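K.L.:
One structure, as structure tokens, below. Some questions next.
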Amino acid sequence: MNNLVPSYWGRPLEHYLSDYMLWGAVTVDSLMSSDNLTMIDEFRDNIDRVSAIASGDPDMSNQVSVSTLRSLHRMPYKPETYVHMANPPLISGCIKLMASIRGSGKPSPFSYELGYLSFRLVEICLGACLLDNHRVLAFKTRSPLCKPNLVPPVVEELSTHAGGGGRESYNCVLGWSFCPDHATADYPLIISLSDTRLLMELLYSDRKLFLEAMRATHAIAGNLSALVFLFWRYVNYQRLLQGQLLSKKLRIPMLEIFYRCWVVSSTDQHAAFSHMYLCDKDQWPPWNELLHKVDPEDSRELVRAFTGHFVAANKFTFSDPITVSVLDIPNALYFLAYRIVPESEDLVGAFVETMIQRLWCAIADREESNELLIDSISTSLVWLRTILQQFHNTWETNTMPLSNIVLAMVNSELLPLVGRAMLLLEPFQSLDRQTPDLVKRSKIMAASRLLFEGISQVVPRDFLEMAFLHTLPVYWQVSRQMEFMSLVVFPEDIYPRRVRRGFYTVCVEIWNALCHSIADSQSRQGQGGVCANPRCPSPWDSGRNGVCVFALLGNILLYASMSSNHD
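Going by the working numbering, the letters in the sequence shown line up with residues -1 to 565, in that order.
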């Protein structure tokens, strides 16, 4: 360790992280054999020691060691001790400890073990304080249900109460200001505005190491949604106190912290994140404010984190909760798109593949209505094109990364995904291309066409045709399906046959255009004579313009299935 670094700061990040990957399990085992009374007395002594730093005594920080903080991390695992974590002075003391740790000449709490443990305690204590101030019965009575997993639903409830226009003062549970419903309520102050601002600045300035540390140590019992709730309310409240100017200055730090927390948070916290994001959309910066210098190592860490998050989402079973809502994907891409730099392009292929697979899962399991699914897929394709645009005119110098990105799209069946999404569309009542109905519903058509045009602009034509060659039967399948759908009418269909035929004519036009971006018409026609139905007894004999009876039967069965589920 550097001789200039105080020994009580503990180990540097590259040495301490591995010890906390399984910290939660080890902590629970150690608690099972601990004496409650002795343990609580020890906890109280350590809480007092850290809390004393909040009073401003500079000498007290030297008396808080890593072992002191490690002992406090055992408290959330038992109701008898977890309730003692609802301690505002403990939060303030930990924030001041974080601010005292410096790396490379600036505050860097995650550079050393003491700063990391201090942050984790802030996170845990904040959740406990919210449970206490919200008067959660299990917390107040110290029941066996008194655990940190009570925090996410409470944060979701609080964000629903406080979110929306005109509610900047709805900070009752934090003790800052009060809404009309709680004007006479007595809520203790959890954390001061100055400490909140300091904590926000610390996390933003050390955001690279913050993400690295959080990714590696999921086992610690914390609640990042509670932390994001704190900052979300702070930015809203500053809008009321200081006006829009200060609020705008906080938008980028807020966004950076929000998504770094989201991408490493547990499943049960996602609903709370979504509520906070959707309640105050005007709080988030427009895309042109996101164009700032990105650290290459931070970019790589972000791409890895988002890829890992989507990989976990693609492995869920019907008995597991969904880890990433399909509705959250466009928002995540909005954050990530401008943080991809040339130094991280070799990781983009894996990310693109897992993201497209996640969209496939959403369609296969009908996670949302067709309209919401199509909107999410469309917006995701728009952001995917934005990512690709950053590699324009770089094929000669970035051949391998770009080829991997295109092959990832092929392997994850991007073309079939677009075709499937287009077949989810309801026919338009009007074929006037300027009507709002057509503009809204045709978003998937415009987004997919622009994406495939974008793909054709970053890689050579011959490579593109070769890469997508084995997917070209999909072109024929989707075209035939659209032709079939234009000829049939559901028993209670509200759309006249004229409308249905006109709609699918537009679909075929768009489908032909986007497929032309990746293969010429001769290649597509050559593939069109091959029946891809695995039960077809003679897949090569259907003829270029003929219709295989097995393919037609498949269409009829699909139509019957859709008709039975048709509203």
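Idealized CB from N, CA, C, for every residue including glycine.
As the structure is a prediction and not an experimental result, all values here were calculated from the model.
Excluding the five sequence neighbours on either side, which residues of its own chain have a C-beta within less than 8 Å of the C-beta of Glu166, listed in chain order?
P.N.:
Hits under 8 Å: Asn234, Tyr235, Arg237, Leu238.
K.L.:
Using the three-state DSSP reduction, which class does Arg165 fall into: helix, strand or coil?
P.N.:
DSSP places Arg165 in coil when its eight states are reduced to three.
K.L.:
Can you look up Pro105 in the DSSP assignment and give me helix, strand or coil?
P.N.:
Strand at Pro105.
K.L.:
Count the other CB atoms, across all protein chains shown, that sit within 10 Å of the CB of Glu111; report buried if there are 16 or more and exposed otherwise.
P.N.:
Buried.
K.L.:
Should Pro479 go down as buried or exposed, given a rule of 16 or more other Cβ atoms within 10 Å for buried?
P.N.:
Per the sequence shown, residue 479 should be read as Gln rather than Pro. Counting Cβ neighbours within 10 Å, Gln479 comes out buried, since at least 16 surround it.
K.L.:
Helix, strand or coil: which one does DSSP assign to Tyr185?
P.N.:
It is coil, neither helix nor strand.
K.L.:
Have a look at Cys513 and Ala419 and give me their C-alpha separation to the nearest angstrom.
P.N.:
Distance between the alpha carbons of Cys513 and Ala419 is about 15 Å.
K.L.:
For Thr335, which of Ala126, Lys291, Leu382 has the nearest alpha-carbon?
P.N.:
It should be noted that the sequence gives Ala, not Thr, for residue 335. It is Leu382 whose Cα lies nearest to the Cα of Ala335.
K.L.:
Check the C-beta distance from Pro107 over to Leu200 and give it rounded, since I have them as a contact under 8 Å.
P.N.:
Going by Cβ atoms, the distance from Pro107 to Leu200 rounds to 6 Å, so yes, they are a contact pair.
K.L.:
Using C-beta distances below 7 Å, list every residue in its chain close to Val171, excluding the 5 sequence neighbours before and after it, in chain order.
P.N.:
Contacts found: Leu128, Asn131, His132, Leu156, Tyr185.
K.L.:
Considering only residues of the region 44 to 81, which uninterrupted alpha helix (DSSP H) runs meet the minimum length of 4 residues and lie entirely inside it, listed in chain order?
P.N.:
Runs of the alpha helix (DSSP H) inside the region 44 to 81: 64 to 70, 77 to 80.
K.L.:
Taking the alpha helix (DSSP H) that Arg195 falls in, what are its first and last residues?
P.N.:
It spans 191 to 203 - the alpha helix (DSSP H) in which Arg195 sits, taken as one unbroken run.
K.L.:
Would you check if the distance between the CB atom of Met212 and the CB atom of Phe229 is smaller than 8 Å?
P.N.:
Not in contact: Met212 and Phe229 (Cβ atoms no closer than 8 Å).
K.L.:
Contact defined as beta carbons within less than 8 Å: I believe Ser374 pairs with Phe450. What is the distance between those atoms, to the nearest angstrom?
P.N.:
Between Phe450 and Ser374 the Cβ distance is about 19 Å, and since that is not below 8 Å, they are no contact.
K.L.:
Beta-carbon within less than 7 Å of Arg140's beta-carbon, same chain only, minus the 5 sequence neighbours each way: which residues are those?
P.N.:
So the qualifying residues of the chain are Pro77, Glu78, Val81.
K.L.:
Assuming Phe389 and Leu379 form a contact by the criterion Cβ under 8 Å, report the distance between their Cβ atoms to the nearest whole angstrom.
P.N.:
Actually they are not in contact, since the Cβ atoms of Phe389 and Leu379 sit about 16 Å apart, beyond 8 Å.
K.L.:
Go ahead and pull the three-state DSSP assignment for Arg383.
P.N.:
Three-state DSSP puts Arg383 in a helix.
K.L.:
Under 8 Å Cβ to Cβ from Glu351, same chain only, skipping five residues before and after it: list those, please.
P.N.:
These residues qualify, in order along the chain: Ala406, Met407, Asn409, Ser410.
K.L.:
If you compare alpha carbons, which of Ala97, Leu119, Val120 is closest to Ser109?
P.N.:
When each option's Cα is compared against that of Ser109, the closest is Ala97.
K.L.:
Enumerate in chain order the residues of its own chain whose CB-to-CB distance from Trp260 is below 6 Å, with the five nearest sequence positions on each side excluded.
P.N.:
Result list for Trp260: Phe271, in chain order.
K.L.:
If we count the other Cβ atoms within 10 Å of its Cβ and call it buried at 16 or more, is Pro178 buried or exposed?
P.N.:
Exposed, because fewer than 16 other Cβ atoms sit within 10 Å of the Cβ of Pro178.
K.L.:
Rounded to whole angstroms, what's the CA-CA distance from Ala444 to Lys94? Just pull it up for me.
P.N.:
So the two alpha carbons sit approximately 52 Å from each other.
K.L.:
What is the rounded straight-line gap between the Cα of Tyr18 and the Cα of Lys441?
P.N.:
Each residue's alpha carbon lies about 46 Å from the other.
K.L.:
Report the rounded CA-to-CA distance for Pro328 versus Thr377, giving the unit in angstroms.
P.N.:
So the alpha carbons of these two residues sit roughly 6 Å apart.
K.L.:
Is Leu124 closer than 8 Å to Ile188 when the C-beta atoms are compared?
P.N.:
A contact, by the Cβ cut-off of 8 Å.
K.L.:
Which parts of the region 302 to 375 are runs of the alpha helix (DSSP H), unbroken and 4 residues or longer, counting only runs that do not cross its ends?
P.N.:
Those alpha helix (DSSP H) runs which fall completely within the region 302 to 375 and span 4+ residues are 327 to 334, 346 to 362.
K.L.:
Would you call the CB atoms of Arg205 and Arg258 closer than 8 Å?
P.N.:
In contact: Arg205 and Arg258 (Cβ atoms closer than 8 Å).
K.L.:
Grouping DSSP H, G and I as helix and E and B as strand, with all else coil, what is Arg418?
P.N.:
Correct three-state label for Arg418: helix.
K.L.:
Taking only three categories from DSSP, how would you classify Gly541?
P.N.:
With a pLDDT of 43 at Gly541, under the threshold of 50, the modelled position of that residue is not reliable, and the figure given next carries that caveat. If DSSP states are grouped into helix, strand and coil, Gly541 belongs with coil.
K.L.:
Cα-Cα, which of Gln355, Leu2, Cys505, Pro150 is closest to His268?
P.N.:
Nearest option by C-alpha distance: Pro150.
K.L.:
What three-state label does DSSP hand Pro10 in the structure shown?
P.N.:
If DSSP states are grouped into helix, strand and coil, Pro10 belongs with the strands.
K.L.:
Ile38 and Gly91 look like a contact to me (Cβ under 8 Å); what is the Cβ gap, rounded to whole Å?
P.N.:
At roughly 19 Å, the Cβ-Cβ gap does not stay under 8 Å, so Ile38 and Gly91 are not in contact.
K.L.:
Report the rounded CA-to-CA distance for Glu12 versus Leu207, giving the unit in angstroms.
P.N.:
Using only the alpha carbons, I get a separation of about 10 Å.
K.L.:
Specify, as a first and last residue, the run of the alpha helix (DSSP H) that His273 falls within.
P.N.:
Unbroken alpha helix (DSSP H) run through His273: 268 to 277.
K.L.:
By Cβ distance below 6 Å, which residues in the same chain neighbour Met353 in space, the five residues on each side in sequence not counted?
P.N.:
Contacts found: Phe308.
K.L.:
Could you pull out every residue in the same chain whose Cβ sits closer than 8 Å to the Cβ of Asp27, ignoring the five residues on either side in sequence?
P.N.:
Model confidence at Asp27 stands at a pLDDT of 48, short of 50, so the residue's coordinates are unreliable and nothing is read from them.
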